[in-house]
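Before any comments, here is the structure.
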Amino acid sequence: MSGSRLWTLVRLDLTQRVRSVAWYVMLGVFAAILVVVTALSLLSFSYAGGAGAGAGVYSVVVFVVLLLAVLVSPTLSGNAINGDRDAANLAPVQVTLATTAEIVLAKFLAAWLTGLSFAVIAVPFMLVAAVSGGVDPLVVLVSLVVLIVEIAIIAAIGVGLSGIVARPLFSVAVTYLVVAALVIGTPIAFTLGGAAIRTEVTQSYRAYIYDDETGMTSNPPKCGPWETTTYEVPRFDTVWWILSANPFVILADATPARFDASGYPEDLFGNFSYLVRSAQIPPESERVSWDDCARMPQPQQQLTPEQLYNQTTPSWFVGLAVQLVLAAALLWWGGSRTRTPSRTLPPGTRIA
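Quick note: the sequence shown, position 7, residue 6 per numbering that gives the first Met the number 0, numbers continuous.
Below you can see the structure in the form of structure tokens.
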């Protein structure tokens, strides 16, 4: 593999992408959306003050950048190979010294760099929120690294599918379906799976004996027998791992969470991570709802989000590994379908 040939192919692909007026219009719309989102975030988090407000605004901006990358990247990468084949731009490149691996890798790098342009547009907004709010530099570093990796994964999925599926329109649609399965399908599967797996919980309670006529208790009060009821609750603790492949969960769980003095998250990263990790806690099989006869009422000890966060297991590296394997497998498959000479071609495929 030649670095000079690879960079030439990347520059060629980028030139074809950025010379369109629609590309600059898209960047302008993205910048306008960030202006609105940042302004609304500043107003929404202004009550927190100090680091809390800055951390909240920063996390919102990063999530919006990832959201827009998820929405736009399939269009930019989903027709990278078959689109050039239909436009008769792929065949002239294939007859040069460039190998199939270089062509596919160049398509991936070009799609990745194109997706990163949205992150570059968002850098000023993220810096303003981070510097003005005193956001921890480690939070900024980790969140940006995960954001860059997620954009690369989406680009790899699109480029791989563009080599596998013959028609550009279908490959873009399939790319959207795969990304939607990761973003939307994982919480749906988590909800339905947890609701389908249920367990029985026994709830006990005990009260004083009251006189039917006077409505008063005896002196001293007498305790009645224990009463129990049973009901079923979903077991989300058995399916929480499904959420680990969600890009937004990976971003939130990988970024170090910051909590205030009361133990509550300061930003969306911590809130998302807390919600996902709280699903790891299994429900109690037996509960005492109340006991009138207890000499000293036992207060219900509720863990703070920070305590629960520290007692549970991070899952971002598992989800990231699944995404990387998926992206690498699709890239390899797309490369094998692009290799020349080809034994078979789909009907109607343009070869020159």
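Ideal placement from N, C-alpha and C gives every residue a C-beta, glycine not left out.
Task: Pro255 beta carbon less than 8 Å from that of Asp85 - done: Contact: no.
Open item on the list: Given this structure, state the Cα-to-Cα distance separating Arg257 from Val182, to the nearest angstrom.
Closed with: Cα to Cα, Arg257 sits roughly 24 Å from Val182.
Task: Rounded C-alpha distance that separates Pro167 from Leu70 - done: In a straight line, the C-alpha of Pro167 is about 17 Å away from that of Leu70.
Task: Where the beta strand (DSSP E) through Thr229 begins and ends - done: Its beta strand (DSSP E) spans residues 226-233.
- [ ] Give the secondary structure of Phe431 by DSSP, where H, G and I count as helix, E and B as strand, and everything else as coil.
- [x] The displayed coordinates of the chain run from 0 to 351. Any statement about residue 431 would go beyond what the structure contains.
Open item on the list: Which of the three DSSP states is assigned to Glu265 in this structure?
Closed with: Taken through DSSP and simplified to helix, strand or coil, Glu265 comes out as coil.
Task: When Leu330, Trp315, Ala328, Ala326 are compared against Val141, the one with the closest alpha-carbon - done: The shortest C-alpha separation from Val141 is found at Trp315.
Task: For Glu352, three-class secondary structure by DSSP - done: Outside the displayed span of the chain (0 to 351) sits residue 352, for which this structure offers no information.
TODO: Keeping to the same chain, check which residues put their C-beta closer than 6 Å to that of Ala38; ignore five residues upstream and five downstream.
DONE: Setting aside the 5 residues that flank it on each side, Ala38 has no residue in the same chain whose C-beta is closer than 6 Å to its C-beta.
Task: Contact test: Gly262 Cβ vs the ligand ATP heavy atom, cutoff 7 Å - done: Within the structure as shown, the ligand ATP is missing, as the structure has no ligands at all.
- [ ] Name the two residues that bound the continuous beta strand (DSSP E) containing Glu199.
- [x] Counting along the chain, the beta strand (DSSP E) containing Glu199 begins and ends at 197-205.
Open item on the list: On the DSSP letters alone, give me the boundaries of the alpha helix (DSSP H) that Gln322 sits inside.
Closed with: Looking at the DSSP string, the run of the alpha helix (DSSP H) that includes Gln322 is 315-337.
Task: Top-ranked residue by Cα proximity to Pro186, from Arg16, Trp6, Leu274 - done: Looking from the CA of Pro186, the closest CA among Arg16, Trp6, Leu274 belongs to Leu274.
Task: Closest Cα partner of Pro219 within the set Tyr209, Leu146, Thr227 - done: If we check each option's Cα against that of Pro219, Tyr209 comes out closest.
Task: Cut-off 6 Å between Cβ atoms - residues of its own chain near Arg286, not counting five sequence neighbours on either side - done: Excluding positions up to five away in sequence, the list reads Gln202.
Open item on the list: Residues in the same chain with beta-carbon distance under 6 Å from Val145, minus the five sequence neighbours each way, listed in chain order, please.
Closed with: Residues of the same chain with a CB within less than 6 Å of the CB of Val145, apart from the 5 flanking positions on each side, are Leu250, Ala253 in chain order.
Open item on the list: Going by beta-carbon coordinates alone, are Asn81 and Val164 separated by less than 8 Å?
Closed with: The Cβ atoms of Asn81 and Val164 sit closer than 8 Å to each other.
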